[in-house]
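Visitor: Numbering (this note's numbering), first residue to last: 2 to 837.
From the three backbone atoms N, C-alpha and C, an ideal C-beta is built for every residue, glycine too.
(1) At 3 residues or longer, what runs of the beta strand (DSSP E) sit wholly inside the stretch 309-389?
(2) Across which residues does DSSP place residue 189 in a beta bridge pair?
(3) Please return the same chain residues whose Cβ sits closer than 6 Å to the Cβ of residue 581, not counting the five positions on each side in sequence.
(4) Using a 10 Å radius around the Cβ and a threshold of 16 neighbouring Cβ atoms, would you call residue 269 buried or exposed?
(5) Restricting to Cα atoms, I'd like to know which of 692, 681 and 804 is closest to residue 771.
(6) Are the stretch 387-404 and the stretch 432-443 touching, with three or more C-beta to C-beta distances below 8 Å?
(7) Give the C-beta separation of residue 605 and residue 612 to the nearest angstrom, bearing in mind that I take them to be a contact with Cβ-Cβ under 8 Å.
(8) Beta-carbon within less than 7 Å of residue 103's beta-carbon, same chain only, minus the 5 sequence neighbours each way: which residues are those?
(9) Counting along the chain, where does the alpha helix (DSSP H) carrying residue 174 start and finish?
(10) What distance in whole Å lies between the Cβ atoms of residue 445 and residue 416, which are believed to be in contact at a cut-off of 8 Å?
(11) Alpha carbons only, please: which of 424, 472 and 13 is nearest the one belonging to residue 126?
(12) According to the neighbour-count rule (16 or more other Cβ atoms, all chains shown, within 10 Å of its Cβ), is residue 442 buried or exposed?
(13) Using 8 Å for Cβ pairs, my map puts residue 744 next to residue 719. What's the rounded Cβ distance?
(14) At which residue ranges does the stretch 380-437 contain complete beta strand (DSSP E) runs of 3 or more residues, listed in the order of the chain?
(15) Residues in its own chain within less than 7 Å of residue 609 by CB, not counting five upstream and five downstream?
(16) In three-state terms, what does DSSP make of residue 820?
(17) Is residue 486 buried or exposed, if buried means 16 or more other CB atoms sit within 10 Å of its CB?
(18) With respect to 6 Å, is the separation between the Cβ of residue 353 and the closest non-hydrogen atom of the ligand FAD below this value?
(19) Can you check which of these residues, 567, 578 and 732, is closest to residue 693 by C-alpha distance?
(20) What are the start and end residues of each continuous alpha helix (DSSP H) run of 4 or more residues lying completely inside the stretch 454-496, in chain order?
(21) Does DSSP put residue 10 in a helix, in a strand, or in coil?
(22) Nearest to residue 144 by CA position, among 124, 150 and 181, is which residue?
(23) Looking at residue 296: is its Cβ nearer than 7 Å to the Cβ of residue 617?
(24) For the pair the stretch 345-359 and the stretch 400-420, tell me if three or more CB-CB distances fall below 8 Å.
(25) Between which two residues does the alpha helix (DSSP H) harbouring residue 524 extend?
(26) Measuring straight from C-alpha to C-alpha, what distance separates residue 227 and residue 816?
(27) Run through the stretch 498-553 for me and flag every whole beta strand (DSSP E) of 3 or more residues, listed as ranges in chain order.
(28) For residue 659, name the three-state secondary structure that DSSP assigns.
(29) State the CB to CB distance for the pair residue 481 and residue 310, rounded to an integer number of angstroms; the pair is presumed to be in contact (CB under 8 Å).
(30) For residue 819, which residues from the same chain have a beta carbon less than 6 Å from its beta carbon, with the 5 sequence-adjacent residues on both sides left out?
(31) So, are the CB atoms of residue 524 and residue 555 less than 7 Å apart?
(32) Given residue 607, which residues of its chain have a CB within under 6 Å of its CB, disregarding the five upstream and five downstream residues?
(33) If you drop the 5 nearest sequence neighbours on each side, which residues of the same chain put their C-beta closer than 6 Å to that of residue 474?
(34) Residue 468 and residue 341 look like a contact to me (Cβ under 8 Å); what is the Cβ gap, rounded to whole Å?
(35) My guess is that residue 142 and residue 184 are in contact by the Cβ rule of under 8 Å, so how many angstroms apart are they, rounded?
(36) What did DSSP end up calling residue 283 once you bin it into helix, strand or coil?
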């Protein structure tokens with residue numbers, strides 16, 4: 002290949018700077034979603050904010066200015082907390098959006114460089130090849146067997162072949178390259194592209210809600226309905242007793258505030274967005290929020306072999322020719338036939354190699370020491386990789402009309418198109434078996450002497466002469482055995498799905514202690530099976546070889562039919578359908594094609610499968626912590642509701658023990674606790690030793706919901722006990738209110754510590770690293786001390802200073818009402834210990 006890349010120099014650094022200054026960046030700029038203004042508008046619609054505004058208005062009307070000011074202050078504080086959480090979520094999503102921008106290759110100053118697509122400028126020489134997404138409009142200046150899928154613009158799903166000599170020599174942003182390679186001169190970027198001009202409708206496309214998100218929204222709606230019903234009931238009772246419409250309305254608002262679980266949707270949004278941001282910091286880009294909630298459920302990981310299990314550092318290690326009848330190594334003295342084999346293997350590769358095997362063949366050709374013929378030949382026709390098994394053919398010609406017609410591909414495919422006797426075929430197959438048993442990847446190579454320029458439609462119709470076999474060694478990654486152990490330990494099965502042959506794949510599998518290395522199934526065998534047989538076989542087989550797109554997709558669908566949550570890794574165009582069908586499609590960031598990245602829901606920037614172990618762990622951690630946060634919210638809301646409701650309905654001596662101010666204070670404690678503290682909790686040490694949870698299971702399953710309800714009822718019993726204790730001891734309303742409120746705050750603090758784990762004891766979780774726990778508890782305790790012992794605050798909240806004995810009793814009741822659950826956790830640990 003000539004060093005000047007078809008005599009294209011591309012832009013200079015100065016020309017790039019001037020073009021960017023004139024035309025701007027290559028981005029689609031429409032209405033910006035999720036802006037700060039959008040957050041403010043959304044906040045103004047929140048039921049809790051509306052209730053606070055109504056309460057503040059009533060206080061102002063009644064002349065209770067200090068209470069009204071407190072309500073307004075509460076609105077400001079709650080708004081700031083909500084906006085802070087929204088800001089964290091928006092920033093995380095903005096960074097994710099930047100990371101998912103595709104890269105592209107351009108020629109600048111005569112060199113190929115890879116840049117982010119946003120950095121592309123008008124006039125750039127953009128290289129687009131099979132599997133890439135076209136990131137700007139442009140005209141073709143060079144192409145080889147180039148076709149592009151323009152369905153995003155035209156709706157037609159078939160590929161369109163284009164070259165510079167045709168009337169339609171334009172390519173457009175958003176289309177995908179189906180085959181071949183082209184170099185285009187960029188004519189339009191960003192909003193000026195054809196896609197940009199018609200893409201205004203992209204603003205209105207909204208992402209579908211996930212099952213978990215739908216369930217959370219449904220739960221919150223039900224609680225809002227319950228809140229409205231309770232509000233009307235309490236308003237009616239208070240009005241019947243007092244005939245004061247505003248006072249009774251204020252007391253009803255207190256209960257309505259206590260019922261609304263507005264922290265739940267806030268927590269869900271924060272956990273998903275910040276979780277995706279944490280994954281991004283681990284070099285894992287999540288394109289869809291639903292992937293975050295799915296990660297912890299993965300039961301099967303289907304992985305490619307080359308570049309995922311192996312290093313993808315191909316070196317030409319073995320060669321075999323029919324003439325020599327021996328397996329040689331390229332570094333040694335080669336015969337004429339062996340040199341011809343390497344030469345035609347190179348000609349069968351892309352002129353600008355991007356595949357590791359083709360790069361190795363170009364390198365081996367250079368090492369032959371003969372005159373480099375590549376600058377003198379130009380590709381005139383190309384048959385892209387196709388067929389089952391696959392092969393590809395390139396046809397080159399020089400100015401004198403001399404041709405080089407070379408083919409390479411799966412040995413079976415090359416053998417089938419060559420006129421070989423049974424004996425010759427058997428000798429070749431024996432050599433292949435010897436090479437592949439040692440873990441080498443093999444390709445067959447052939448040449449053709451076809452005359453004329455009217456090439457047949459299919460490459461298999463050309464008359465080929467078999468030249469030999471080339472074998473490549475791609476060593477397993479150093480960490481892959483440990484990665485597999487981690488998956489197995491987490492209850493996740495691993496399946497290899499590869500286009501390579503069975504012998505090579507099984508040899509590599511044995512080297513890395515892969516479970517199920519003794520058994521494999523080919524793509525052709527798989528396609529011949531009935532659905533019923535496949536559903537059984539796919540669970541028992543872990544190695545699938547000679548795979549093609551339809552076979553890969555059928556494996557994914559068969560696993561899904563067996564209720565498996567499937568993660569699938571891929572990097573090529575042919576992986577697109579399977580990546581799209583899998584619950585978690587995983588594209589490789591470095592070697593993955595843009596089509597694979599577009600189809601996937603997650604991108605591993607470093608092409609490192611060990612990152613998937615981290616991703617699964619993060620997914621389990623996020624889900625578990627979200628569940629803890631929501632169970633905490635449910636548990637702490639119950640005593641607030643019952644403490645407001647029961648004294649009124651049962652006609653106790655102090656029927657309206659709390660005002661909106663008290664409920665708002667508790668809300669201000671709960672918001673940061675559930676959304677900030679629990680989100681920051683570390684993963685529990687047994688998380689990756691547990692089996693994957695069922696994807697259909699959510700935190701609202703009956704056992705966990707019952708646990709939260711019982712915890713809430715236990716705290717309610719504690720608050721109502723202290724209420725009756727205070728009344729029986731002749732304490733006034735202010736003293737009773739203070740004791741009840743203190744119990745609630747103490748129980749809230751202990752519940753925060755208690756719910757850090759529903760398995761390990763509180764003494765174990767105290768050792769977990771989470772600095773926010775100490776911060777939030779310290780702030781809560783500090784404010785509570787101010788409320789109890791600073792007269793201004795005490796009077797405002799209608800409290801009384803508590804004696805040391807009363808304060809100690811309140812803390813003790815708060816402790817008992819929560820820490821009884823330690824006995825449940827102890828029983829669970831002892832039960833599990835006996836089972837082990």
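Guide: Taking the definition as stated:
(1) 316-322, 327-329 and 379-387
(2) 138
(3) 600
(4) buried
(5) 681
(6) no
(7) 5 Å
(8) 118, 134, 136, 595 and 598
(9) It is not in any alpha helix (DSSP H) - residue 174 carries neither H nor E in the DSSP assignment.
(10) 6 Å
(11) 13
(12) buried
(13) 6 Å
(14) 392-398 and 404-410
(15) none
(16) helix
(17) exposed
(18) Among the components of this structure there are no ligands whatsoever, and the ligand FAD is therefore not found.
(19) 567
(20) 481-490
(21) coil
(22) 181
(23) yes
(24) yes
(25) 524-528
(26) 30 Å
(27) 544-546
(28) coil
(29) 5 Å
(30) 748, 751, 752 and 755
(31) no
(32) 284
(33) 316, 318 and 441
(34) 6 Å
(35) 5 Å
(36) coil
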